[in-house]
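See below for the structure under consideration.
2 protein chains.
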Amino acid sequence: MELYEYWLGRVESRLRELFKPGGPPLLREAMGYYLFQKGKRIRPLMTLAVSYALGGSEEDALAVGCVIEMIHNYTLIHDDLPAMDNDDFRRGLPTCHRKFGEAVAILAGDALLTYAFEVLSQRENFRELSEEDILDLIRVISQKAGAGGVVGGQVFDIEGHKDIEETNRMKTASLFEACFLCGGIVAKRRDLLKDLENLGRKVGILFQITDDILDQDGYVKIFGLRQTMERSREIYEEVKKVLVGVFGEKSSVVGGLVDMIYEASLKRSYGDDKTPQS
Amino acid sequence: MELYEYWLGRVESRLRELFKPGGPPLLREAMGYYLFQKGKRIRPLMTLAVSYALGGSEEDALAVGCVIEMIHNYTLIHDDLPAMDNDDFRRGLPTCHRKFGEAVAILAGDALLTYAFEVLSQRENFRELSEEDILDLIRVISQKAGAGGVVGGQVFDIEGHKDIEETNRMKTASLFEACFLCGGIVAKRRDLLKDLENLGRKVGILFQITDDILDQDGYVKIFGLRQTMERSREIYEEVKKVLVGVFGEKSSVVGGLVDMIYEASLKRSYGDDKTPQS
Chain A
166 MELYEYWLGR
176 VESRLRELFK
186 PGGPPLLREA
196 MGYYLFQKGK
206 RIRPLMTLAV
216 SYALGGSEED
226 ALAVGCVIEM
236 IHNYTLIHDD
246 LPAMDNDDFR
256 RGLPTCHRKF
266 GEAVAILAGD
276 ALLTYAFEVL
286 SQRENFRELS
296 EEDILDLIRV
306 ISQKAGAGGV
316 VGGQVFDIEG
326 HKDIEETNRM
336 KTASLFEACF
346 LCGGIVAKRR
356 DLLKDLENLG
366 RKVGILFQIT
376 DDILDQDGYV
386 KIFGLRQTME
396 RSREIYEEVK
406 KVLVGVFGEK
416 SSVVGGLVDM
426 IYEASLKRSY
436 GDDKTPQS
Chain B
166 MELYEYWLGR
176 VESRLRELFK
186 PGGPPLLREA
196 MGYYLFQKGK
206 RIRPLMTLAV
216 SYALGGSEED
226 ALAVGCVIEM
236 IHNYTLIHDD
246 LPAMDNDDFR
256 RGLPTCHRKF
266 GEAVAILAGD
276 ALLTYAFEVL
286 SQRENFRELS
296 EEDILDLIRV
306 ISQKAGAGGV
316 VGGQVFDIEG
326 HKDIEETNRM
336 KTASLFEACF
346 LCGGIVAKRR
356 DLLKDLENLG
366 RKVGILFQIT
376 DDILDQDGYV
386 KIFGLRQTME
396 RSREIYEEVK
406 KVLVGVFGEK
416 SSVVGGLVDM
426 IYEASLKRSY
436 GDDKTPQS
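Each protein sequence line maps, in turn, to chains A and B.
Residue numbering for the first sequence follows this note's numbering, starting at 166 and increasing by one per position.
Residue numbering for the second sequence follows this note's numbering, starting at 166 and increasing by one per position.
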């Protein structure tokens, strides 16, 4: 846990260091509005944990983790828009478009997404990565964030796509796949990329299911709480079973984050949940 | 002119080859809706011309020109949205959000922007460029398309920023700067990048002024047609004066495109324009 606290501090300060976009001050403010609110930072932490367990550079994992966090935050800005989820509040504060207007919110998302690639393109943000490694990071992140990943999943969600697990895989798990893959690239363990992608996918689905349990939404609405809890436990056990095989002796650093995700769902469903458990 | 026709054909077919996003068919359709309408393709042509004049690889200039065209088209999708310009028609057809709905249009823009970087990240799309060269392309394009470039200019435009030339420089000229810079990177002429950026900026502003003359908008609304025409001629002459110095004996290939831009504005203002000239 102390390691996570230390990393969390590093993520907060590195995010601030890396966030130096030009242009209008208003745009900059809107781009940073969600990014610098208190968040769990689960994606950068996961990237750091994967890289750490595989012996990668902390500096490099930190930079790419921050980039993934920027991309996650751009998706939140656009997801909240009136044409999408039409949310007025996030984390108890007005949503980006409620604070800055819809046009600026759209543009802030666009600029934050673009800026994420600018950070990746600057070699000085990385220490031990070759240009080939950096191009691999850009390829992974653009694939996982784009039409075949997060954005495609959002379209499936809007369309009411029948397979919720595929929607979740694309919409949420894609970015966890990116965290695991990028952690592996930072650690120069290309032999593990297929395993890391599969593991990232499972952890991402576990994360989405936990989110649905906490919000009584998505999965829970379709399958009910009991079946959702069973699926959650099943995925959790699958993940835990392969962790040592992939990460070896330092697997508990990744496992600890997975535990945190899983335990959050247990707390909600057996703890402060008012509906009776059967 | 035959060279431009040939390039135009190559741009159309290369765009189709490069455009292979995954994800939902509806999203793919929305992403390609503007991209595959008949357009002038001035940005890819300019990139090809700059690279040609400096001895760069046609294949590589073509690929990066197509990427810039993708980015240009994502900006059109987002600019047309109800929260922005709220346009119902573009090129005589329903705008992207009128055809696919606002949510899908926002997501199609996001996915197209992301996809542009995916194309850049794949080394197999380039022949003679090193990984360092490709990272330079990504850096230039992300800087020129982002908060300090196109997106920032759009925010200035919305805010009614007082300096229209700065707004135009960011909103429109930034992507022309990217064309000139990327043409120079493809040709491995890093010694010329500063000159190319300046030239691209001027050509971009000339392009925007021509657009304003054709639409009787922007510049013309503020300064009137006569003063706008004078500014247009002034920039045109500045550009023509330095072309040979930068590009040498093949400068006319770039110059021909600049002439086309300038002449379009003349035709409108002295030709089919109904308002009297003074």
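Note that CB positions come from ideal geometry on N, CA and C, so glycine has one too.
- At a cut-off of 9 Å, the C-beta of Gln392 (chain A) has no neighbouring C-beta in chain B.
- Taken through DSSP and simplified to helix, strand or coil, Leu219 (chain B) comes out as coil.
- Around Phe372 (chain A), the same chain offers Ile426 as residues with beta carbons nearer than 6 Å, after the five sequence neighbours per side are excluded.
- DSSP places Phe201 (chain B) in the coil class of the three-state scheme, outside both helix and strand.
- From the beta-carbon of Tyr280 (chain B), the residues of chain A found nearer than 8 Å are Ser307, Gly311 and Ala312.
- Nearest neighbour of Pro189 (chain B) by Cα position, chosen from A:Val232, A:Gly314, A:Ala218 and A:Leu346, turns out to be A:Gly314.
- CA-to-CA, the gap between Lys405 (chain A) and Pro247 (chain B) works out to about 47 Å.
- Nearest neighbour of Asp225 (chain A) by Cα position, chosen from A:Glu234, A:Leu294, A:Glu330 and A:Asp322, turns out to be A:Leu294.
- Taken in chain order, the members of the region 243-255 of chain A whose beta-carbon sits within less than 7 Å of a beta-carbon on chain B are His243, Leu246, Ala248 and Met249.
- If you draw a 10 Å sphere on the C-beta of Ser216 (chain A), you find 16 or more other C-beta atoms in it, and that means buried.
- Counting along the chain, no alpha helix (DSSP H) covers Ala248 (chain A), and no H or E run does either.
- For the region 321-338 of chain B, the set of residues with a beta-carbon nearer than 9 Å to any beta-carbon of chain A comprises Phe321, Ile323, Glu324, His326 and Met335, in chain order.
- Contact with chain B is found for Gly188 (chain A), since one of that chain's Cβ atoms lies less than 9 Å from the residue's Cβ.
- Taking C-beta atoms as the reference points, Asn333 (chain B) and Ile370 (chain B) count as a pair closer than 9 Å.
- The DSSP-derived three-state label of Phe254 (chain A) is strand.
- If you look at Gly274 (chain B), you'll find it in the alpha helix (DSSP H) that goes Glu267 to Ser286.
- The contact set of Asp225 (chain A) on chain B, defined by CB atoms closer than 9 Å, is empty, because the minimum CB distance reaches about 15 Å.
- A direct Cα-to-Cα measurement between Glu182 (chain A) and Ser307 (chain B) gives close to 18 Å.
- If you compare the alpha carbons of A:Ala218, A:Gly230 and A:Asp356 with that of Ser178 (chain A), the shortest gap goes to A:Gly230.
- Each of A:Glu414, A:Ala281 and A:Glu297 was checked against the Cα of Lys185 (chain A), and the nearest Cα belongs to A:Ala281.
- For Leu431 (chain B), the uninterrupted alpha helix (DSSP H) segment begins and ends at Ser416 to Leu431.
- A distance below 9 Å separates the beta carbons of Ala276 (chain A) and Val316 (chain B).
- Non-local C-beta neighbours of Leu191 (chain B) in its own chain, meaning closer than 8 Å and more than five positions away in sequence, comprise Phe265 and Val269, ordered along the chain.
- According to the DSSP secondary-structure assignment, Pro189 (chain A) is paired through a beta bridge with no residue.
- The beta carbon of Asp360 (chain B) is closer than 7 Å to those of Val411 in its chain, skipping five residues each way along the sequence.
- Within chain A, no C-beta atom comes less than 8 Å from the C-beta of Leu340 (chain B); the nearest is roughly 12 Å away.
- If you draw a straight line from the Cα of Met335 (chain B) to the Cα of Cys344 (chain B), it comes to about 14 Å.
- Residue pairing of Pro259 (chain A) in beta bridges, as defined by DSSP: A:Phe254.
- Contact annotation: Ile323 (chain B) and Lys367 (chain B) have beta-carbon atoms that are not nearer than 9 Å.
- In this structure Asp244 (chain A) is in contact with Asp250 (chain A), their Cβ atoms being roughly 5 Å apart against a cut-off of 8 Å.
- Note that the C-beta distance between Leu210 (chain A) and Tyr239 (chain A) is not below 9 Å.
- Measuring C-alpha to C-alpha distances from Leu219 (chain B) to each of B:Glu428, B:Asp424 and B:Ser417 identifies B:Ser417 as the nearest.
- If you ignore the 5 residues before and after Glu342 (chain B), its C-beta comes within less than 7 Å of the C-beta of Lys309, Glu362, Gly365, Arg366 and Gly369, all in its own chain and listed in chain order.
- Against chain A, the beta carbon of Arg288 (chain B) has neighbours under 7 Å at Leu300, listed in chain order.
- 9 Å or more divides the Cβ of Gly348 (chain A) from the Cβ of Gly174 (chain A).
- At a cut-off of 9 Å between C-beta atoms, Asp275 (chain A) counts as an interface residue with respect to chain B.
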